[in-house]
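Data first, discussion second: the structure below is written as structure tokens.
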Amino acid sequence: MKKFKTKLLSAAVILASSSMAMAYEDAPSLESLQQQINALTKDASEGENGFHMAGYFTLNYQSVDGGNYDGRNDFNKASFMPIFMYQMNDKISFEAELEIGTGSEGETDVAMEYAYANIDLTDDLTLVAGKFFVPVGQFKQNIHPSWINKAVSAPMGFGHGGAAPATDVGLQLRGGSYVGDMPIKYAVYFGNGAAIEEGHGGLEVDNEGMTNDSDGTKNFGGRLAIVPVPNLEIAFSYMGGQGGLEQAEATGGGFFVEELTITPDLDVLGADFAYRQGGLTLRGEYIKMELSTFSTQAIHEEDDGDFELETETYLASDNVWTTWYLQAAYRFDQSNWEGVVRFGDFESQVPGSDASHWVVGVNYYFAPTVIAKVNFESQDSIDDSRDSDQILAQLTYGF
Amino acid sequence: MINKLKFSAIFAAFILSAGVSATEVKKEGDFLKGLTKWKNTCSGCHEMRSPKEFNDKQWKIVVRHMKIRAGLTGQDARDILKYLQSSN
Chain A
36 MKKFKTKLLS AAVILASSSM AMAYEDAPSL ESLQQQINAL TKDASEGENG
86 FHMAGYFTLN YQSVDGGNYD GRNDFNKASF MPIFMYQMND KISFEAELEI
136 GTGSEGETDV AMEYAYANID LTDDLTLVAG KFFVPVGQFK QNIHPSWINK
186 AVSAPMGFGH GGAAPATDVG LQLRGGSYVG DMPIKYAVYF GNGAAIEEGH
236 GGLEVDNEGM TNDSDGTKNF GGRLAIVPVP NLEIAFSYMG GQGGLEQAEA
286 TGGGFFVEEL TITPDLDVLG ADFAYRQGGL TLRGEYIKME LSTFSTQAIH
336 EEDDGDFELE TETYLASDNV WTTWYLQAAY RFDQSNWEGV VRFGDFESQV
386 PGSDASHWVV GVNYYFAPTV IAKVNFESQD SIDDSRDSDQ ILAQLTYGF
Chain B
178 MINKLKFSAI FAAFILSAGV SATEVKKEGD FLKGLTKWKN TCSGCHEMRS
228 PKEFNDKQWK IVVRHMKIRA GLTGQDARDI LKYLQSSN
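Residue numbers (our numbering), protein chains in the order written: chain A, 36 to 434; chain B, 178 to 265.
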């Protein structure tokens, strides 16, 4: 009986072993499984669509002597600018940049710098649709990110109320080509355009893209650049259209309605160049913005409750904004150190705003996109009201 | 105003014709041409980033972004992408 039990047990063990072995042989090998996983991973990584987040971070410090910010001694900017890029396939993509910063009272400020879809019409020509940088000049389009800009600040006239257009909402065509062996770059656009507003101390043109076209006429423009020799780019820009009036506002002085009785033409001309050889980078830019003669009328409520119609005329000869700068930067061979010098000038019809601007600075590269900058800046205004000297420092990281 | 519109229309037509008439034969990217174009083009605006900073897929998205931002032709972009993806 014991022998029978032993035989039965042996047979069961052999049967079980052989079926396990058969099952093992039928199962895919570890190597085969690994190959399947590799193939799936490869498919996923080589798929047409993809997402990438780039951007940059900035921490600024300022110590100011004179001018509007006399006595300021603070870390005056901590901002994070993420750029979201999604590519559907080789011909269609989307990207957007936000600016997220800490305000002067600790609040969080969020702004959308741009957001647009890109659709290739040909191999060399792309339709850009959305909110984008106006293709006039080079600083706003390509140089303004802090890890690219050699100085801490933007040149005068390239910020709010300046001469250089910033962004617009509409459609743009961009691309590159060759004339013989010479590369050319081109961009044309049309969009809602700029609006006139009452700024600090005078008239300003708001060149930030908006979804309201107050004058009903689309602005248009473009930039054509040539690269006659390697490392040298020369470009000319133009923007035209009309300047509408920003929406009526309620002011502290009472009910306020303002409208244009004559809508002005708006013209912007620009020229820029960039040259790089070894550690030397030179660039310069000139922009002139003009509005033709126009008039506004407004109804103001007086303190005694009466209403008064007020008409004001702005002459073309006064409606001119001009800015230019020249910048040289030199990165010492085999070194992480770089020196930078910039001189610029800005003129506008706003009283006291005409000024020239010197920047001298030293940059240290922890990595190609991680830079510490220390700049000395001096501003010399025509009427001395905005004369100032300041030390600016910045730590910036582009990723 | 009409003159401005004419100017705009002519400029737009020029660009459209430049783009449309361009030869649509897409060649594979060329490593050596890509290296030269990478050196000459990218450094025009910013410091050179290491090819090892991104993987193949990330470079594909970044180069498309720069193609549009910097006004590169499709072939220039493919050449630069070839160099970057072969050097990371």
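By construction, the Cβ of each residue, glycine as well, lies at the ideal position given by its N, Cα and C atoms.
Only a predicted model underlies this, so the values are computations on that prediction, with no experimental measurement involved.
Rounded separation between residue i and residue j - CA only
i: A/Ser-114; j: A/Ile-135; result: 6 Å
i: B/Asn-242; j: A/Gly-192; result: Note that residue 242 of chain B is His in the sequence shown here, rather than Asn. Using only the alpha carbons, I get a separation of about 27 Å.
i: A/Leu-69; j: A/Phe-367; result: Looking at the sequence itself, residue 69 of chain A is Gln, so the reference to Leu does not match. So the alpha carbons of these two residues sit roughly 50 Å apart.
i: A/Ala-164; j: A/Gly-226; result: 10 Å
i: A/Gln-414; j: A/Tyr-91; result: 28 Å
i: A/Gln-405; j: B/Val-240; result: Before going on, a small fix: residue 405 of chain A reads as Val here, not Gln. Roughly 20 Å between the two C-alpha positions.
i: A/Tyr-104; j: A/Tyr-321; result: 27 Å
i: A/Thr-93; j: A/Leu-430; result: 6 Å
i: A/Gly-289; j: A/Glu-336; result: Residue placement at A/Gly-289 cannot be trusted, given a pLDDT of 46 that sits under 50; the coordinates are not used to answer.
i: A/Gly-425; j: A/Asn-73; result: It should be noted that the sequence gives Gln, not Gly, for residue 425 of chain A. Taking the straight line joining both Cα atoms gives about 58 Å.
i: A/Leu-206; j: A/Thr-246; result: 13 Å
i: A/Ala-283; j: A/Gly-396; result: The predicted position of A/Ala-283 is uncertain, since its pLDDT is 49 and thus under 50; a value taken from the coordinates is nonetheless stated next. Cα to Cα, A/Ala-283 sits roughly 43 Å from A/Gly-396.
i: A/Tyr-360; j: A/Asp-338; result: 46 Å
i: A/Thr-286; j: B/Tyr-260; result: Note on A/Thr-286: pLDDT 49, under 50, position unreliable in the model; the coordinate value appears next. Looking at the two C-alpha atoms, the distance is approximately 59 Å.
i: A/Ile-118; j: A/Glu-347; result: 43 Å
i: A/Ala-58; j: A/Glu-66; result: For A/Ala-58, the predicted structure reports a pLDDT of 49, less than 50, and the residue's modelled location is therefore unreliable. A value from the coordinates is still provided. Straight-line Cα distance between these residues: approximately 17 Å.
i: B/Lys-237; j: A/Ile-127; result: 13 Å
i: A/Gly-279; j: A/Val-99; result: 36 Å
i: B/Lys-204; j: B/Lys-210; result: 12 Å
i: A/Tyr-273; j: A/Val-394; result: 28 Å
i: B/Gly-206; j: B/Gln-235; result: 17 Å
i: B/Arg-255; j: A/Met-123; result: 17 Å
i: B/Asp-233; j: A/Thr-143; result: 35 Å
i: A/Asn-108; j: A/Gly-141; result: 16 Å
i: A/Ala-364; j: A/Ala-428; result: 17 Å
i: A/Ala-306; j: A/Asn-111; result: 32 Å
i: A/Gly-319; j: A/Gly-340; result: 53 Å
i: A/Asn-184; j: A/Thr-328; result: 36 Å
i: A/Gln-97; j: A/Glu-232; result: 29 Å
i: A/Ala-56; j: A/Phe-129; result: Since pLDDT at A/Ala-56 reaches only 49, below the 50 mark, its modelled position is unreliable, and no value is offered.
i: B/Lys-229; j: B/Phe-208; result: 16 Å
i: A/Asn-410; j: A/His-87; result: 33 Å
i: A/Gly-251; j: A/Pro-299; result: 12 Å
i: A/Ile-178; j: A/Ala-407; result: 17 Å
Proximal residues of chain A, C-beta to C-beta of residue i below 9 Å
i: B/Gly-211; result: Going along chain A, no residue has its Cβ under 9 Å from B/Gly-211, so there is no contact; the nearest lies around 15 Å.
i: B/Ser-220; result: Asn-266, Arg-311 and Thr-316
i: B/Lys-204; result: In chain order: nothing, as chain A lies at least about 10 Å away.
Residues sharing a beta bridge with residue i, DSSP
i: A/Val-145; result: A/Ile-135
i: A/Thr-358; result: A/Ile-322 and A/Phe-381
i: A/Leu-315; result: A/Gln-312 and A/Tyr-365
i: A/Lys-220; result: A/Gly-211 and A/Ala-260
i: B/Val-202; result: DSSP lists no partner for B/Val-202.
i: A/Tyr-399; result: A/Trp-372 and A/Ala-407
i: A/Ala-89; result: A/Ile-118
i: A/Ser-413; result: A/Trp-393 and A/Asp-424
i: A/Gly-387; result: Per DSSP, none; premise fails for A/Gly-387.
i: A/Tyr-349; result: A/Phe-329
i: A/Tyr-96; result: A/Ala-428
i: A/Gln-277; result: A/Asp-300
Contact set between residue i and chain A, taken where Cβ atoms lie within less than 7 Å
i: B/Gln-235; result: His-87
i: B/Lys-259; result: Going along chain A, no residue has its Cβ under 7 Å from B/Lys-259, so there is no contact; the nearest lies around 14 Å.
i: B/Asn-280; result: There is no way to answer for residue 280 of chain B, as the model of chain B reaches only from 178 to 265.
Amino acids of chain B, ordered along the chain, whose beta-carbon sits closer than 9 Å to that of residue i
i: A/Thr-404; result: His-223, Glu-224, Arg-226 and Glu-230
i: A/Val-163; result: Ile-245
i: A/Glu-345; result: Neighbours of A/Glu-345 on chain B: none; closest Cβ ~28 Å, over 9 Å.
i: A/Lys-220; result: Ala-247, Gly-248 and Leu-249
i: A/Ile-183; result: Cys-222, His-223 and Glu-224
Contact set between residue i and chain A, taken where Cβ atoms lie within less than 8 Å
i: B/Val-240; result: Neighbours of B/Val-240 on chain A: none; closest Cβ ~10 Å, over 8 Å.
Under 8 Å from the C-beta of residue i: neighbouring residues of chain B
i: A/Gln-332; result: Under the 8 Å cutoff, chain B gives no residues; its nearest Cβ is about 23 Å from A/Gln-332.
i: A/Asn-153; result: Arg-241 and Ile-245
i: A/Gln-122; result: Lys-237, Ile-238 and Arg-241
Amino acids of chain B, ordered along the chain, whose beta-carbon sits closer than 7 Å to that of residue i
i: A/Ser-128; result: Arg-241
i: A/Gln-209; result: Sequence check: residue 209 of chain A is Arg here, not Gln. The contacting residues are Ile-245 and Gly-248.
i: A/Asn-177; result: Cys-222 and Arg-246
i: A/Ala-8; result: Coverage of chain A is limited to positions 36 through 434, which leaves residue 8 of chain A absent and any answer about it impossible.
Task: Three-pair Cβ contact test at 8 Å for the stretch 197-208 of chain A versus the stretch 156-175 of chain A - done: yes
Open item on the list: I want to know whether the stretch 209-220 of chain A touches the stretch 238-252 of chain B - three or more CB-CB distances under 8 Å.
Closed with: yes
- [ ] For the stretch 240-272 of chain A, list the alpha helix (DSSP H) runs that are entirely contained and at least 4 residues long, ordered along the chain.
- [x] none
TODO: Assess, as a yes-or-no matter, whether the stretch 204-221 of chain B is touched by the stretch 257-270 of chain A under the definition of 3 or more beta carbon pairs within less than 8 Å.
DONE: yes
Open item on the list: Three or more C-beta pairs under 8 Å: does that hold for the stretch 384-391 of chain A against the stretch 408-423 of chain A?
Closed with: yes
- [ ] Ignoring anything shorter than 3 residues or poking outside the stretch 212-237 of chain B, list the beta strand (DSSP E) runs there in chain order.
- [x] none
Open item on the list: Which complete beta strand (DSSP E) runs does the stretch 160-186 of chain A hold, if anything under 3 residues is left out?
Closed with: 160-168
TODO: May I ask you to verify whether the stretch 341-357 of chain A touches the stretch 313-329 of chain A, counting CB pairs closer than 8 Å and requiring at least 3?
DONE: yes
TODO: Decide if the stretch 137-147 of chain A is in contact with the stretch 293-304 of chain A; the criterion is three or more beta carbon pairs, one per stretch, under 8 Å apart.
DONE: no
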